[in-house]
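Structure first, then comments.
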């Protein structure tokens with residue numbers, strides 16, 4: 015035991031308070047860890063947006079490169 019005799023001097027209510035306080039702290043830490051990161055829906059939305067932007071930009075980029083090659087001849 016970490017502190018011998020500590021719980022001998024405490025009432026059952028005080029011991030219960032410490033026990034619930036630790037449980038509450040653990041529960042709060044678990045909830046904090048749950049909120050870290052991205053959900054699957056958020057990731058899919060970002061991938062779709064990137065795909066749409068690439069679909070718009072890539073053809074224009076290829077046309078631009080083709081025009082540069084033609085103008086250098």
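Numbering (my numbering), first residue to last: 15 to 87.
The beta-carbon is built from N, C-alpha and C at its ideal position, and this holds for glycine as well.
Item	Value
Residue 58 versus residue 64: straight-line alpha-carbon distance, rounded	10 Å
Secondary structure of residue 87, DSSP reduced to three states	coil
Pairwise C-alpha distance: residue 60 and residue 53	11 Å
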